[in-house]
DNA sequence: GTAGGGTTAG
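In the UniProt record's numbering, the protein residues as written are 1 to 615.
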């Protein structure tokens, strides 16, 4: 795609960014002028009378790009030229076929030929740039509105806002939205509000989205509709605030805004994430009484929840027949979830069976389906099968993505094949696939765990020098690697300086650091860290407790170990197998001091029932 | 007459 003028883009963007809040500027005033006045400034385009010949053309019948292009050429040869409306219909047809670049090229030709482009045509061009993730070029077209004296309207701005959101530029979208309202450039409608609300939810600002919903209610000009409620309810569910979502749900019903299948799906999804099956059943019944039929999304949500709880067979045996009975066809997503569900349980034959059966059902596996299967083979360390699938992807017209590579990378490191892993990483980068922080985490952790600490540190240095963002998991892997290599001081140094990197240690980081301290017998420091992590708002988990208890037991500090075991128990954690093993070993040791033996025996009741093998 | 269309599942 050839870039079009960058200057108009910059001008339009700066208009959007830099308007003073209190007073309008010339350009904002320009927007408020009536079209008749603006026409005065516009270029003198040739007037084109509508051509009756083209009234007969059904633009919806255009099926291929070539049809549209030859029709365009034919239209250009007509005298008089067909009307702008007919040209716009043609552009719509091309755009609906998702040939965005072609649509833009036609738009440019129209401009060059002096066809009087209007706000409809220009909005189509903006929309095409947005779909190509080039919203800045969309703003360039906004600039040409001004030059041509065409007045952008709510549809134009709606398209631009959507384009910003698509490029994750939500703060800019919000600013533009605020300016439009403040300067009264256009009256936002439900779509504009919907775009902003969804952008806010998608970027973790659900509370702001909620506020906007409230504002819509208070202002009363554009009342929130089902879609707006759905968006906020879904955002709350994704933030694990299901009860708030349920409250908002009751509220919409009270206000006579009908929930639909999307509302129910978000709520069901949120409830299932918390294992609240009873409430899900209640909602499903309620849907029935409202005559809302569950669609394939709802079923997929249920299938996914079952699979995540290791019940792929139940999903296959119960839910699939139920779907067929209700004439809801399982789709690629359904099958992908089931493939993944069997993969997670290591049932690769079942997973493969499902994958292969998709062809018979005319379902085409996509990259997510392939990645699920690749990941399954990797988890089972069936590397030949995984590599075979990776090779197969381009033949199926699918593009390998970072997930395809990362699964295999992790499995290669787990199998100790560091060389092959590094080669794969090179292949991946050569293919232009950008690593994520997870990729780097797997790389550094893999190197550390395979005794290549020096290499890991050198890669870390290289990544840092390139300014690549690395998350806490990467540093946790490095701290662990250093500790296990006996470099406790270096590990502590990194741990201590995490906050200077803007990173906050999580429960794993603390546990890894404590484990290092315990190994070196620096138990008091480990104990202090246990207190400190809670002060910092990070709750220890069962691994943390087991780590310290084991450290204490190994250094014969039974009394402290016992205190901690009791604390664990009070918090609902239990000793793990390796901790129990240490206690068993201590009990069976021959040369045991009777007083110590007594102490160890007193530890026993702190274990829960069912943790046998102690007797 | 012609444009944008916001929400759910892997």
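Quick reminder that beta carbons are idealized off the backbone N, C-alpha and C, glycines included.
Cutoff 8 Å; reference residue i; Cβ partners in own chain excluding five residues on either side
| i | result |
| --- | --- |
| residue 98 | 131 |
| residue 74 | none |
| residue 498 | 472, 475, 504, 505 and 509 |
| residue 529 | 510, 513, 514 and 517 |
| residue 582 | 550, 553 and 554 |
| residue 93 | 59, 60, 62 and 68 |
| residue 176 | 16, 157, 160, 161 and 164 |
Exposed unless 16 or more other CB atoms sit within 10 angstroms - verdict on residue i
| i | result |
| --- | --- |
| residue 62 | buried |
| residue 31 | Any reading at residue 31 needs caution, since the residue's pLDDT is 40, under 50, leaving its predicted position unreliable; the model's value is listed next. Label assigned to residue 31: buried. |
| residue 125 | buried |
| residue 170 | buried |
| residue 616 | The structure shown does not extend to residue 616, since the chain is modelled only from 1 to 615, so the question has no answer here. |
| residue 462 | exposed |
| residue 122 | buried |
| residue 78 | exposed |
| residue 138 | buried |
| residue 384 | exposed |
| residue 350 | buried |
| residue 362 | exposed |
| residue 585 | exposed |
| residue 644 | The structure shown does not extend to residue 644, since the chain is modelled only from 1 through 615, so no value can be given for it. |
| residue 136 | buried |
| residue 194 | buried |
Terminal residues of the alpha helix (DSSP H) in which residue i lies
| i | result |
| --- | --- |
| residue 441 | 437-449 |
| residue 146 | 135-148 |
| residue 177 | 170-182 |
| residue 156 | 154-166 |
| residue 60 | No alpha helix (DSSP H) holds residue 60; DSSP gives it neither H nor E. |
| residue 452 | First-last for residue 452: undefined, no H or E at that position. |
| residue 328 | From DSSP, residue 328 is part of no alpha helix (DSSP H); its letter is neither H nor E. |
| residue 106 | 100-112 |
| residue 117 | No alpha helix (DSSP H) contains residue 117, which DSSP labels as neither H nor E. |
| residue 381 | Per DSSP, residue 381 belongs to no alpha helix (DSSP H) and is neither H nor E. |
| residue 428 | 418-430 |
| residue 283 | 277-289 |
| residue 489 | 488-496 |
Residues near residue i in its chain [Cβ-Cβ closer than 6 Å; skip 5 each side]
| i | result |
| --- | --- |
| residue 546 | 576 and 579 |
| residue 200 | 208 and 209 |
| residue 173 | 161, 164, 165 and 199 |
| residue 544 | 511 |
| residue 515 | 547 |
| residue 525 | 517 |
| residue 35 | With a pLDDT of 35 at residue 35, under the threshold of 50, the modelled position of that residue is not reliable, and the figure given next carries that caveat. Once the five neighbours on either side are set aside, the close Cβ partners of residue 35 are 151. |
| residue 485 | 453 |
| residue 141 | 122, 125 and 126 |
Among the options, nearest to residue i - alpha-carbon criterion
| i | options | result |
| --- | --- | --- |
| residue 357 | 311, 331, 224 and 91 | 331 |
| residue 414 | 450, 480 and 437 | 450 |
| residue 197 | 226, 277, 260 and 65 | 226 |
| residue 447 | 461, 243, 372 and 422 | 422 |
| residue 380 | 411, 190, 550 and 318 | 411 |
| residue 479 | 462, 456 and 293 | 456 |
| residue 262 | 295, 244, 247 and 243 | 295 |
| residue 273 | 258, 303, 320 and 292 | 303 |
| residue 168 | 143, 192 and 204 | 204 |
| residue 297 | 494, 587, 267 and 313 | 267 |
| residue 112 | 76, 315 and 566 | 76 |
| residue 443 | 253, 416 and 522 | 416 |
| residue 404 | 300, 378 and 382 | 378 |
| residue 231 | 340, 190, 81 and 464 | 190 |
| residue 352 | 362, 370 and 279 | 370 |
| residue 523 | 556, 341 and 431 | 556 |
| residue 375 | 398, 354 and 406 | 406 |
Beta-carbon contacts of residue i that lie in its chain and below 7 Å, excluding the five residues immediately before and after
| i | result |
| --- | --- |
| residue 270 | 237, 242 and 245 |
Can you find at least 3 beta carbon pairs, one from the region 318-337 and one from the region 274-291, that sit closer than 8 Å?
-> no
Specify whether the region 418-435 and the region 391-398 touch according to this definition: at least 3 beta carbon pairs, one from each stretch, less than 8 Å apart.
-> no
Is the region 489-497 touching the region 462-471 in the sense that three or more CB pairs, one from each, lie closer than 8 Å?
-> no
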